[in-house]
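Listed in order, the protein sequences are those of chains A and B. Residue 121 in the numbering used here sits at position 121 of the first sequence, with consecutive numbering throughout. Residue 1339 in the numbering used here sits at position 339 of the second sequence, with consecutive numbering throughout.
Protein chains: 2
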Amino acid sequence: MPHLTELDTPAALVDIPCMQRNIARMQQRMEGLGVKFRPHVKTSKCLPVVQAQLEAGAQGITVSTLKEAEQFWAAGIADILYAVCIVPARLPQVLALRRQGCGLKIITDSLAGAEAIARFGRQQGEAFEVWIEVDVDGHRSGIAPEAEALLAVGRALHAGGMKLGGVMAHAGASYECDEPVALRRIAEQERAGTVRAANRLRQAGLPCPAVSVGSTPTALSAQSLEGVTEVRAGVYVFFDLVMHNVGVCPLQDIALSVLTTVIGHQPEKGWAIVDAGWMAMSRDRGTHKQRRDFGYGQVCSEAGEPITGYVMDGANQEHGIVCRQGGGEIDGDIERRFPLGTRLRILPNHACATAAQHPVYQALGPDGQARAWPRFYGW
Amino acid sequence: MPHLTELDTPAALVDIPCMQRNIARMQQRMEGLGVKFRPHVKTSKCLPVVQAQLEAGAQGITVSTLKEAEQFWAAGIADILYAVCIVPARLPQVLALRRQGCGLKIITDSLAGAEAIARFGRQQGEAFEVWIEVDVDGHRSGIAPEAEALLAVGRALHAGGMKLGGVMAHAGASYECDEPVALRRIAEQERAGTVRAANRLRQAGLPCPAVSVGSTPTALSAQSLEGVTEVRAGVYVFFDLVMHNVGVCPLQDIALSVLTTVIGHQPEKGWAIVDAGWMAMSRDRGTHKQRRDFGYGQVCSEAGEPITGYVMDGANQEHGIVCRQGGGEIDGDIERRFPLGTRLRILPNHACATAAQHPVYQALGPDGQARAWPRFYGW
Chain A
1 MPHLTELDTP
11 AALVDIPCMQ
21 RNIARMQQRM
31 EGLGVKFRPH
41 VKTSKCLPVV
51 QAQLEAGAQG
61 ITVSTLKEAE
71 QFWAAGIADI
81 LYAVCIVPAR
91 LPQVLALRRQ
101 GCGLKIITDS
111 LAGAEAIARF
121 GRQQGEAFEV
131 WIEVDVDGHR
141 SGIAPEAEAL
151 LAVGRALHAG
161 GMKLGGVMAH
171 AGASYECDEP
181 VALRRIAEQE
191 RAGTVRAANR
201 LRQAGLPCPA
211 VSVGSTPTAL
221 SAQSLEGVTE
231 VRAGVYVFFD
241 LVMHNVGVCP
251 LQDIALSVLT
261 TVIGHQPEKG
271 WAIVDAGWMA
281 MSRDRGTHKQ
291 RRDFGYGQVC
301 SEAGEPITGY
311 VMDGANQEHG
321 IVCRQGGGEI
331 DGDIERRFPL
341 GTRLRILPNH
351 ACATAAQHPV
361 YQALGPDGQA
371 RAWPRFYGW
Chain B
1001 MPHLTELDTP
1011 AALVDIPCMQ
1021 RNIARMQQRM
1031 EGLGVKFRPH
1041 VKTSKCLPVV
1051 QAQLEAGAQG
1061 ITVSTLKEAE
1071 QFWAAGIADI
1081 LYAVCIVPAR
1091 LPQVLALRRQ
1101 GCGLKIITDS
1111 LAGAEAIARF
1121 GRQQGEAFEV
1131 WIEVDVDGHR
1141 SGIAPEAEAL
1151 LAVGRALHAG
1161 GMKLGGVMAH
1171 AGASYECDEP
1181 VALRRIAEQE
1191 RAGTVRAANR
1201 LRQAGLPCPA
1211 VSVGSTPTAL
1221 SAQSLEGVTE
1231 VRAGVYVFFD
1241 LVMHNVGVCP
1251 LQDIALSVLT
1261 TVIGHQPEKG
1271 WAIVDAGWMA
1281 MSRDRGTHKQ
1291 RRDFGYGQVC
1301 SEAGEPITGY
1311 VMDGANQEHG
1321 IVCRQGGGEI
1331 DGDIERRFPL
1341 GTRLRILPNH
1351 ACATAAQHPV
1361 YQALGPDGQA
1371 RAWPRFYGW
């Protein structure tokens, strides 16, 4: 196993002890609130990470693509929720997984979708398990808890011979909060709306065993999860600068960073040029509109200590520009501060997006030794 | 071979006839201006694309990572310029390629870099071929043509026993132009600055055979390339919405698009939700500050016809929001316009970034049949 100091750059580093603390914190919180926890594996797409989540007590996983479902089913994980409304043309792929024994659950938020699932299911003699997506904050997909369509979709599935497995919601609007009061409010809005949808289905005589909610900010802010059966969250496993700005993690909880090397300078501009550009960081500028803009990321020493006031301010494909944060005073000492060959770490804006740029994580133990943890991509 | 209409979504489509026209246009322009053309393969990272460029007359390739150098050398391409200032710690990797017979050239823009190369080269008995990066527009790396450092770096390499192979510049600031006059001006600035640097080296008694310039906008705008020996450009092979806004390609020249399927609606908001999010498009918002903001991309029919006024306005990891451009009037008819299951294509802001999200291109011939063209990623 190579040591941190021997790794080629750029590289995606995972601090294993830090990740384990993030996993334990979330799992303990969910157990305290009396709900099951179903991590969203779209963040890592990496088996050792997901195994650590399951070993800590997670029950089942959430996926964003059928590729993830196939990969984790092949690794022996059967309880899988595919949390993107199903494309009817991909139902044969779902059927193939279910016929192999995978307990894959799919979701829909439309009558047309429900009817297509039921039609194909009946043709194939398969009672697909379907959850209905509920919209609790207007940010993306889902049926409003009060909408007439909710019951119509439930009836189309149930009467059509499918297994109506529950309701699920994702309060993505929580990413726009940055105050504990607002976070608790959106968490309660997510809980209440999803439970209301479940109760409407039940009052109409339809089954609704699962009531699933979640996002990292709401999972970490909810005060009560009454009526909820499970929570989903993804990015908490690594955290990132967006979550730091939202207020749910200190910088030292960010387990993912990009290792990079200084390849040049523009001293009169106060720039150090590094070999991590947007290909290594992603183009995500999620902190741009938040309380603190970190550019393309917070600069840290190779050992992982944040170097306050220095960010990656610009990025081309394989070049990053490191300088003082906020475009203020030029650092006239940049060549001496970060000489050619200096190795730095960059904390990312958005862990899901940065991780996606890398075929492999270099997972660091407390001894600084790096294990190669492969991740997959594509669809 | 599957037909376009049978492909799973999301998928990265390459329109082969369109790509071939882009390749022919650039090659003919370079031949007309009397220079060699060395395409930048960071855009495609795909052997069939690069083979088409070489068959059209390209001489050598430009790479942005040593992984690209290794992959294309393994495919038999020997004349390779690695156009990112070398990390001294990666010189052993360069040495290994050169010892295999690969004509890999590296670049530097600092005395410290030149001295590190010469020191390692002498230790290993290898005369690395090194080009000096010149800064013609202040946008990133390189030494200003007039700077004292230029001669110091040239002397350190030459006296140190390395092969001083030339100078190279990239006028990245051309991406910020959108008028022909400004484009011609920046192209001339790139040419003149690079030639000036070459002449200063020669006047100091140093060799400087190659004078290399390029970016897609300047390559397509230069009126004279006197003193230049070769041009580099990458994104022209696919083009994209950023290049369209710069003014160097009509929409119909964009050869890369993302095939996607409608998975739901929010009718009261005028939204169709599609199964291509930022994972399929990238987070690149390159048109945000340009004359026309296309959100995450221009919507087209499955056949590739632009649907004027519709863009992907928002993106989550695996969800895209398609609606009217500019956030104006809501399309109350969105469910009938794009029913569940409708297949669309999205033209990307930035082809290099969108392509990087996909393990494979689906390359469409004139018959609509799709060939799988693999691409690689990582470092």
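The C-beta atom is built at its ideal place from N, Cα and C for all residues, glycine as well.
- In this structure, residue 183 of chain A sits away from residue 138 of chain A, with a CB-CB distance that is not shorter than 8 angstroms.
- DSSP lists B:1003 as the bridge partner or partners of residue 1369 of chain B.
- Around the beta carbon of residue 1231 of chain B, a 10 Å sphere encloses 16 or more other beta carbons of the protein chains shown; the residue is thus reported as buried.
- Interface with chain B (8 angstroms Cβ-Cβ cutoff): residue 245 of chain A is excluded.
- DSSP assignment within the region 154-218 of chain A yields the following whole alpha helix (DSSP H) runs of 4 residues or more, N-terminal first: 180-203.
- Assignment of residue 327 of chain A by DSSP, reduced to helix, strand and coil, places it in the helix class.
- Sequence-distant partners of residue 36 of chain A (beyond 5 residues in either direction) whose C-beta falls short of 6 angstroms from its own C-beta, in its chain, are 59, 230.
- In the structure shown, residue 308 of chain A adopts extended strand secondary structure according to DSSP, grouped into three states.
- Around residue 316 of chain A, the beta-carbon contacts reaching into chain B at under 8 angstroms are 1140, 1172.
- Within the region 247-272 of chain A, those residues whose Cβ lies closer than 9 angstroms to any Cβ of chain B are, in chain order, 261, 262, 263, 264, 265, 266, 269, 271.
- Between residue 1311 of chain B and residue 1297 of chain B, the C-beta gap is smaller than 8 angstroms, which places the two residues in contact.
- Judged by beta-carbon spacing, residue 1121 of chain B lies within the 8 angstroms limit of residue 1161 of chain B, meaning their Cβ atoms are closer than that value.
- According to DSSP, residue pairing for residue 1272 of chain B in a beta bridge involves B:1265, B:1322.
- Checking the DSSP bridge columns, you'll see residue 13 of chain A partnered with A:257, A:362.
- Residues of chain B whose Cβ lies closer than 7 angstroms to the Cβ of residue 215 of chain A do not exist; the shortest such Cβ separation is about 11 angstroms.
- Annotation: the continuous alpha helix (DSSP H) that includes residue 352 of chain A extends over 351-355.
- Here the alpha carbon of residue 1292 of chain B sits roughly 10 angstroms from the alpha carbon of residue 1244 of chain B.
- Residues of the region 187-213 of chain A with a C-beta atom less than 7 angstroms from some C-beta of chain B do not occur.
- For residue 1323 of chain B, no Cβ of chain A is located within less than 8 angstroms of the residue's own Cβ.
- Residues 1111, 1143 of the same chain have their beta carbon placed closer than 7 angstroms to that of residue 1149 of chain B, with the five preceding and five following residues left out of the count.
- Rounded to whole angstroms, the Cβ separation of residue 253 of chain A and residue 22 of chain A is 6 angstroms, and the two are in contact under 8 angstroms.
- Assigned with DSSP and collapsed to three states, residue 77 of chain A falls in coil, not helix or strand.
- Distance check between residue 1288 of chain B and each of B:1308, B:1300, B:1105, B:1176 places B:1176 closest, using alpha-carbon atoms only.
- Put simply, the CB of residue 1377 of chain B is near chain A, with a gap under 8 angstroms to one of its CB atoms.
- For residue 1067 of chain B, the three-state secondary structure derived from DSSP is helix.
- As computed with DSSP, residue 1037 of chain B is found in a beta bridge with B:1231.
- Note that the C-beta distance between residue 1235 of chain B and residue 1211 of chain B is not below 8 angstroms.
- Cβ contact annotation for residue 42 of chain A (same chain, cutoff 8 angstroms, sequence separation greater than five): 62, 63, 64, 65, 68, 234, 352, in chain order.
- Taking the beta carbon of residue 1009 of chain B as reference, the chain A residues within 7 angstroms of it are 87, listed in sequence order.
- At the C-beta level, residue 1341 of chain B and residue 1260 of chain B stay beyond 8 angstroms of one another.
- Within the model, the alpha-carbon separation for residue 1091 of chain B versus residue 1355 of chain B is close to 29 angstroms.
- Remark: fewer than three beta-carbon pairs, one from each stretch, lie closer than 8 angstroms, so the region 9-21 of chain A and the region 196-204 of chain A are not flagged as touching.
- Under the 8 angstroms criterion on CB atoms, residue 42 of chain A is classed as interfacial with respect to chain B.
- One alpha carbon belongs to residue 1216 of chain B, the other to residue 109 of chain A, and they sit about 44 angstroms apart.
- Assignment of residue 1236 of chain B by DSSP, reduced to helix, strand and coil, places it in the helix class.
- Residue 1 of chain A counts as exposed, since fewer than 16 other beta carbons sit within 10 angstroms of its beta carbon.
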